[in-house]
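K.L.:
The listed protein sequences correspond, in order, to chains V and P.
Going by this note's numbering, the first sequence opens with residue 1, and the numbers climb by one from there.
Going by this note's numbering, the second sequence opens with residue 1, and the numbers climb by one from there.
Ideal placement from N, C-alpha and C gives every residue a C-beta, glycine not left out.
Have a look at this one.
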Amino acid sequence: MDPIDVHLLRELEHGLPLVPAPFEEIGKGLGLSGNEVMERIRRLKEAGIIRKFRARIDQRKMGMTANALVAWKPAGSGGNVPGKQLAAFPSVTHCYERRPVPGRWEYTHYTVHHGYSRGQVLDDVRAVAEQTGFRDYTVLFSTREFKRVPNVRMRENVSGIP
Amino acid sequence: MSTPSLPDQTDLAILNALQDDLPLVSRPWKAIAERMGITETDIISRMNRLKDTGIIRAISPILESRHLGLHAATLVALHVPEERMDKIAAVISSYAEVSHNFERDHYYSLWFTLAAQNEEGIQRVLHEILQQTGIPESDVLDLPTIKKIKIDVRFSFLPAQIRENTDGPD
């Protein structure tokens, strides 16, 4: 990643302009052609720095207002299996393995579910529980969102460029 | 199109398509529009409308944290007394290291994610937050990330009439 890549990522963070040739438009401010911009994006994707290039959508504005974090204590096998099982469900948007707090909070796996209603989310979660056999879980519905921004923000929380 | 301000079927198809990886071609909107059988002009004007209403936040790259120097992350849960929630949540949200900060329906009522260059960075911020807010250690769950197994936010938007049939009891 060179300084031009860093500038490019900072520009792209604002979102692509909604004009017919958006990469060309972005390139103007950086002294790059549209093709050069696309080539750099392609390389950043190959390097794994850009995971995906896509729309970020406010699902609540589309009526999808229910959101639950579910903490699981999977039964049985352990290792990578429970995480893979949970992640396989299309209704699961995120799946993480986390270190528990022994004696106070034994859950090790976390999934995130979104839906049009709490009922719909609970149905999804119950289906996951039934099909995996993981019966020990807690559903944490969100009641207020105080902050929701991308994990990685070039202008805010990326300091040293590796 | 009796209610042009509400997302119609074509808008839903656009929103579903824009959640896929964007085609890296000089006219990406045209490429998506052609697949859907609409014009470039139409997709651009619809995207502008969806952006104006705040439904589309941005079409931008999703970056991989560990390739950008963020090597440690955790999820923290706090038991926060109801009457102190707004103030404490505001303190936590003010940190650049915090990306998500939600109130949840549980004894542990405030849940936030922290990312930093390393474990020490995380502990420094967490310690500062606890000092500032006066939350005792016994009301804190620190749940460091061991493994990201899936991070693929993708919403399948349904037309309102179908949505009603999939609704469970609320």
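Taking CB distances under 8 Å as the criterion, tell me whether P:I129 reaches chain A.
P.N.:
This model lacks chain A altogether, as its protein chains are V and P.
K.L.:
With P:D142 as the anchor, note down where its beta strand (DSSP E) starts and where it stops.
P.N.:
Along the second sequence, one-based indexing puts residue 142 of chain P at 142. 140–151 is the span of the beta strand (DSSP E), which, as asked, contains P:D142.
K.L.:
Would P:D11 be called buried (16 or more neighbouring beta carbons within 10 Å of its own) or exposed?
P.N.:
Here the question's residue 11 of chain P lines up with position 11 in the second sequence. With 16 or more other Cβ atoms within 10 Å, it is buried.
K.L.:
Please list the terminal residues of the continuous beta strand (DSSP E) segment that includes V:N67.
P.N.:
By 1-based counting over the first sequence, the position of residue 67 of chain V is 67. It spans 66–72 - the beta strand (DSSP E) in which V:N67 sits, taken as one unbroken run.
K.L.:
Of all Cβ atoms in chain V, is any one closer than 8 Å to the Cβ of P:D21?
P.N.:
For this step, residue 21 of chain P is matched to residue 21 along the second sequence. With 8 Å as the cut-off, P:D21 counts as an interface residue toward chain V.
K.L.:
Going by alpha carbons, who is nearest to P:W111 out of V:V70, V:R40, V:L8?
P.N.:
To locate residue 111 of chain P, count along the second sequence from 1; it is residue 111. That would be V:V70, whose Cα lies nearest to the Cα of P:W111.
K.L.:
Are the region 69–84 of chain P and the region 41–57 of chain V touching, with three or more C-beta to C-beta distances below 8 Å?
P.N.:
The answer is no - the region 41–57 of chain V does not touch the region 69–84 of chain P, with fewer than three Cβ pairs under 8 Å.
K.L.:
For P:R104, count the other beta carbons within 10 Å of its own beta carbon; 16 or more makes it buried, fewer makes it exposed. Which is it?
P.N.:
As a position in the second sequence, residue 104 of chain P is number 104, starting the count at 1. Buried, since its Cβ has 16 or more Cβ neighbours within 10 Å.
K.L.:
Going by DSSP, which residues form a beta bridge with P:N101?
P.N.:
Numbered from its first residue, the second sequence carries residue 101 of chain P at position 101. V:K147, P:F112, per the DSSP bridge assignment.
K.L.:
Using the Cα positions of P:S184 and V:G78, report the straight-line distance between them to the nearest angstrom.
P.N.:
What is shown of chain P runs 1 to 170, which leaves residue 184 of chain P out entirely.
K.L.:
What is the DSSP secondary structure of P:P65, counted as helix, strand or coil?
P.N.:
Residue numbering aside, residue 65 of chain P sits at position 65 when the second sequence is read from its first letter. Strictly speaking, residue 65 of chain P in this sequence is Ser, with Pro absent from that position. Three-state DSSP puts P:S65 in a helix.
K.L.:
I'd like to confirm something about P:G37: is its beta-carbon nearer than 7 Å to some heavy atom of the ligand GTP, or not?
P.N.:
This structure simply doesn't include the ligand GTP, nor any ligand for that matter.
K.L.:
When the Cα atoms are used, what is the spatial distance from P:L130 to P:D139?
P.N.:
Counting from 1 along the second sequence, the entry for residue 130 of chain P is found at position 130. Counting from 1 along the second sequence, the entry for residue 139 of chain P is found at position 139. So the alpha carbons of these two residues sit roughly 10 Å apart.
K.L.:
Evaluate P:L6 with the Cβ neighbour count: other Cβ atoms within 10 Å of its Cβ, from every protein chain shown; 16 or more gives buried, anything less gives exposed.
P.N.:
The count along the second sequence starts at 1 and reaches residue 6 of chain P at position 6. Its Cβ having fewer than 16 others within 10 Å, P:L6 is exposed.
K.L.:
Quick one: does V:Y137 have its CB under 8 Å from some CB of chain P?
P.N.:
One-based indexing of the first sequence puts residue 137 of chain V at position 137. Answer no: the Cβ-Cβ gap between V:Y137 and chain P never drops below 8 Å.
K.L.:
Among all the DSSP beta bridges, which residues are the ones paired with V:H109?
P.N.:
Translated into the one-based positions of the first sequence, residue 109 of chain V becomes position 109. BP columns for V:H109 point to V:W72, V:E97.
K.L.:
From the beta carbon of P:A89, is the nearest beta carbon of chain V less than 8 Å away?
P.N.:
Against the second sequence, residue 89 of chain P aligns to sequence position 89. It does; some Cβ of chain V falls within 8 Å.
K.L.:
Which residues, in chain order, does the region 117–131 of chain V contribute to contact with chain P at a C-beta distance below 7 Å?
P.N.:
From the region 117–131 of chain V, only S117, R118, G119, Q120, L122, D123 have a Cβ closer than 7 Å to chain P.
K.L.:
Let me confirm a value: V:W72 is counted as buried when at least 16 other C-beta atoms fall within 10 Å, else exposed. Which label applies?
P.N.:
Residue 72 of chain V sits at position 72 when you count from the first residue of the first sequence. By the neighbour-count rule (16 or more Cβ atoms within 10 Å), V:W72 is buried.
K.L.:
Compile a chain-ordered list of the residues in the region 60–81 of chain V whose CB is closer than 9 Å to at least one CB of chain P.
P.N.:
Within the region 60–81 of chain V, the residues whose Cβ lies closer than 9 Å to some Cβ of chain P are K61, M62, G63, M64, A66, N67, A68, L69, A71, N80, listed in chain order.
K.L.:
Measuring only between beta-carbons, confirm whether V:K28 sits less than 8 Å from chain P.
P.N.:
Translated into positions along the first sequence, residue 28 of chain V becomes position 28. Chain P contact via Cβ: absent.
K.L.:
Leaving out five residues on either side along the sequence, give the residues of the same chain with a beta carbon under 6 Å from the beta carbon of V:H14.
P.N.:
Taking the first residue of the first sequence as 1, we reach residue 14 of chain V at position 14. Cβ neighbours of V:H14 beyond the five flanking positions: none.
K.L.:
Which partner residues does P:I56 have in the DSSP bridge list?
P.N.:
The residue labelled residue 56 of chain P in the question sits at position 56 within the second sequence. Looking at the DSSP assignment, P:I56 forms a beta bridge with V:I57.
K.L.:
Who are the neighbours of V:H14 on chain P, taking C-beta pairs under 9 Å?
P.N.:
Within the first sequence, numbered from 1, the residue matching residue 14 of chain V stands at position 14. The contacting residues are A58, S60.
K.L.:
Residues of chain P with a CB under 8 Å from the CB of V:Q50: which are they?
P.N.:
On the first sequence, position 50 is the one that residue 50 of chain V refers to. Note on residue identity: the sequence assigns Ile, not Gln, to residue 50 of chain V. Those within 8 Å of V:I50 in chain P are P61, I62, L63, E64.
K.L.:
With burial defined as no fewer than 16 other Cβ atoms inside 10 Å of the residue's Cβ, what is the status of V:G27: buried or exposed?
P.N.:
What you label residue 27 of chain V is simply residue 27 of the first sequence in a count that begins at 1. Buried, since its Cβ has 16 or more Cβ neighbours within 10 Å.
K.L.:
If you count every other CB in all the chains shown that lies within 10 Å of the CB of P:A115, and 16 or more means buried, which is it?
P.N.:
Stepping through the second sequence from its first residue, residue 115 of chain P is reached at position 115. Buried is the call here.
K.L.:
Determine which residues of the region 96–109 of chain P have a Cβ less than 7 Å from any Cβ of chain V, and write them out in chain order.
P.N.:
Those would be A96, E97, V98, S99, H100, N101, F102, E103, R104, D105, H106, in chain order.
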